[in-house]
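Peer 1:
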Amino acid sequence: MNLNKLRILSDLLRINNWTKNVLILFPCFFGKKITNFSLLFEVLIAAGIFCLLSSCVYIINDLVDAPDDRNHPTKRYRPIAAKEIRPLTAIIILCLLLSTTVCLSLLYLSNYAIGLLCVYLAFNLLYSFFLKNILIIDIFSIAIFFEIRLFFGGIISGIALSHWLVLTVFFLASLIALGKRRDDVLLKESSQLNTRATAKYYSVIFLDAMIVITSSLLVFIYIVYSVSDWVVQNFSSNFYLSDIFVILGLSKYLYILFVEKKSGNPIKLLFSDAFLLICLLLWFVSIFYFIYYA
């Protein structure tokens, strides 16, 4: 297989989006179990299985959205939309991936974990064919996908999720979804291309208001969490210092949204913006120290 075919396969599976599945590790990390290597190994296997399933979902989504993607300035380069790979070939790859996911799940996962994978797949199918065309629901459905990853990690690690963590992830994912919808609306206004059914119902003013509300709630919840009695007793009284990197990173993200008007691909944005990446790394280093060494 030559490099071009590997690139097409990687784009079809959206391997770069596997980084979203790091959320599966969060319960283990915040539960102070990340140094338990036997547990970590189990969580990593489960995360790998989830990555395969998420690639199945991306293929289904690309098959459904191919006609609209061809009108989008960046999504038109996706393999199916760009006709680099035939729909039949994509369906064969989808079946192979899904079969592999089922086999690995039966070998390594509990019934509860398998059940949640089924919920994730069913909800994605519902989203691809129905929910993404419903105003407001299309935005917060994306947040639910992130929450499923978080709960999946909790089931695998056997660690109860903090309500603070659940709320923080929900509002962070909602903020990212709102940014993506804002990008769709700006594209529609500048080029008259309606690449998403709900884009015609939204306005920049409405989305900006929702972004301000959501980002404010995100910061509020994280700050309250960082100074809560539970965090002080179980982690460190200095955990609140990580707030600095959250606020700096969020400020830069909002600058990118409102000033640079670039928010279509959050994963690409994260790894292409040095300031955001540094804030994320400093945040991770600080909380790792406060949780495991302070």
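No gaps in the numbering here: position 188 of the sequence shown is 188 in my numbering, and each next residue is one more.
Cβ atoms here follow ideal geometry from the backbone N, Cα and C, with glycine treated the same way.
Being a predicted model, the structure only gives us computed values, none of them experimental.
Shortest alpha-carbon distance to Ala122 belongs to which of Phe37, Lys33, Asn61 and Leu187?
Peer 2: For the purposes of this step, residue 122 is taken as the residue at position 122 of the sequence shown. Checked all of Phe37, Lys33, Asn61 and Leu187; the closest Cα to Ala122 is Asn61.
Peer 1: Roughly how many angstroms separate the alpha carbons of Val185 and Lys200, rounded to a whole number?
Peer 2: The residue labelled residue 185 in the question sits at position 185 within the sequence shown. The residue labelled residue 200 in the question sits at position 200 within the sequence shown. Roughly 7 angstroms separates the two Cα atoms.
Peer 1: Exposed or buried, which one is Thr35 when buried takes at least 16 other CB atoms within 10 Å?
Peer 2: Here the question's residue 35 lines up with position 35 in the sequence shown. Exposed is the call here.
Peer 1: Should Pro27 go down as buried or exposed, given a rule of 16 or more other Cβ atoms within 10 Å for buried?
Peer 2: Translated into positions along the sequence shown, residue 27 becomes position 27. When all chains shown are included, Pro27 counts as buried.
Peer 1: Inspect the beta-carbon positions of Phe290 and Phe258 and report whether they are closer than 8 angstroms.
Peer 2: As a working note, residue 290 is residue 290 in the sequence shown. As a working note, residue 258 is residue 258 in the sequence shown. Not closer than 8 angstroms, so no.
Peer 1: Less than 8 angstroms between the beta carbons of Leu167 and Ile139, yes or no?
Peer 2: Counting from 1 along the sequence shown, the entry for residue 167 is found at position 167. Counting from 1 along the sequence shown, the entry for residue 139 is found at position 139. For Leu167 and Ile139, no; Cβs fall outside 8 angstroms.
Peer 1: Would you mind giving the Cβ-Cβ distance between Pro87 and Leu53, rounded to the nearest angstrom? I have them listed as a contact below 8 angstroms.
Peer 2: Sequence index remark: in the sequence shown, residue 87 carries index 87 (1-based). Sequence index remark: in the sequence shown, residue 53 carries index 53 (1-based). At roughly 20 angstroms, the Cβ-Cβ gap does not stay under 8 angstroms, so Pro87 and Leu53 are not in contact.
Peer 1: Can you give me the C-alpha to C-alpha distance between Ser141 and Tyr127, rounded to a whole angstrom?
Peer 2: Here residue 141 refers to the residue found at position 141 of the sequence shown. Here residue 127 refers to the residue found at position 127 of the sequence shown. Taking the straight line from one Cα to the other gives about 7 angstroms.
Peer 1: Indicate the three-state DSSP secondary structure (helix, strand or coil) for Lys252 in the structure shown.
Peer 2: One-based indexing of the sequence shown puts residue 252 at position 252. In the structure shown, Lys252 sits in a helix (DSSP, three-state: H, G or I).
Peer 1: Given this structure, state the Cα-to-Cα distance separating Cys56 from Leu117, to the nearest angstrom.
Peer 2: Along the sequence shown, read from residue 1 onward, the residue named residue 56 stands at position 56. Along the sequence shown, read from residue 1 onward, the residue named residue 117 stands at position 117. Distance between the alpha carbons of Cys56 and Leu117: 12 angstroms.
Peer 1: With the cut-off set at 8 angstroms, would you say Phe146 and Val169 are in Cβ contact?
Peer 2: Along the sequence shown, one-based indexing puts residue 146 at 146. Along the sequence shown, one-based indexing puts residue 169 at 169. Cβ atoms of Phe146 and Val169: closer than 8 angstroms.
Peer 1: Scan the segment 100–182 and note each continuous alpha helix (DSSP H) run of 4 residues or more that stays entirely inside, going in chain order.
Peer 2: Listed in chain order, they are 111–129 and 137–157.
Peer 1: Out of Ile211, Ala46 and Ile287, which one is the CA nearest neighbour of Tyr112?
Peer 2: Position 112 of the sequence shown, counted from the start, is the residue given in the question as residue 112. It is Ala46.
Peer 1: Looking only at C-alpha atoms, which of Phe129, Ala173, Asp183 and Ile91 sits nearest to Ile148?
Peer 2: The residue given as residue 148 occupies position 148 in the sequence shown. It is Ala173 whose Cα lies nearest to the Cα of Ile148.
Peer 1: Do we get a CB-CB distance below 8 angstroms when we pair Leu187 with the residues of chain C?
Peer 2: The structure shown contains no chain C, having only a single protein chain.
Peer 1: Could you tell me the alpha carbon to alpha carbon distance between Leu150 and Val212, rounded to whole angstroms?
Peer 2: As a first step, residue 150 is located in the sequence shown; it is residue number 150 there, counting from the start. As a first step, residue 212 is located in the sequence shown; it is residue number 212 there, counting from the start. If you take the alpha carbons of Leu150 and Val212, they lie about 24 angstroms apart.
Peer 1: Which ranges does the alpha helix (DSSP H) cover as unbroken runs of at least 4 residues, wholly within the segment 30–96, from first to last along the chain?
Peer 2: Listed in chain order, the complete alpha helix (DSSP H) runs (minimum 4 residues) inside the segment 30–96 are 37–69.
Peer 1: Skipping 5 residues on each side, what residues in its chain have a beta carbon closer than 7 angstroms to that of Ala66?
Peer 2: Looking up residue 66 in the sequence shown gives position 66. Contacts found: Ile80 and Ala81.
Peer 1: Take Ile136 as the anchor and find which of Leu175, Leu125, Ser110 and Gly158 has the nearest alpha-carbon.
Peer 2: As a first step, residue 136 is located in the sequence shown; it is residue number 136 there, counting from the start. Here the closest residue by C-alpha is Leu175.
Peer 1: If distances are taken between C-alpha atoms only, which option among Asp208, Leu98 and Phe235 comes closest to Lys33?
Peer 2: Indexing the sequence shown from 1 puts residue 33 at position 33. Considering only alpha carbons, the answer is Phe235.
Peer 1: Check each candidate in Ser105, Leu281, Ser237 and Ile15 and name the one with the smallest Cα separation from Gly249.
Peer 2: What you label residue 249 is simply residue 249 of the sequence shown in a count that begins at 1. The shortest Cα separation from Gly249 among Ser105, Leu281, Ser237 and Ile15 belongs to Leu281.
Peer 1: Report yes if the C-beta distance between Asn16 and Cys51 is below 8 angstroms; otherwise report no.
Peer 2: Within the sequence shown, the letter at position 16 stands for residue 16. Within the sequence shown, the letter at position 51 stands for residue 51. Not closer than 8 angstroms, so no.
Peer 1: Pick out whichever of Leu106, Gly48, Phe30 and Leu3 has its Cα sitting closest to the Cα of His163.
Peer 2: Indexing the sequence shown from 1 puts residue 163 at position 163. Among Leu106, Gly48, Phe30 and Leu3, the Cα nearest to that of His163 is on Phe30.
Peer 1: Leaving out the 5 sequence neighbours to the left and right, which residues in its chain are closer than 7 angstroms to Val231 when beta-carbon positions are compared?
Peer 2: For this step, residue 231 is matched to residue 231 along the sequence shown. So the list reads Tyr225 and Phe239, once near-sequence residues are dropped.
Peer 1: Start and end of the alpha helix (DSSP H) containing Ser226?
Peer 2: Here residue 226 is taken as the residue at index 226 of the sequence shown, counted from 1. Looking at the DSSP string, the run of the alpha helix (DSSP H) that includes Ser226 is Val204 to Ser226.
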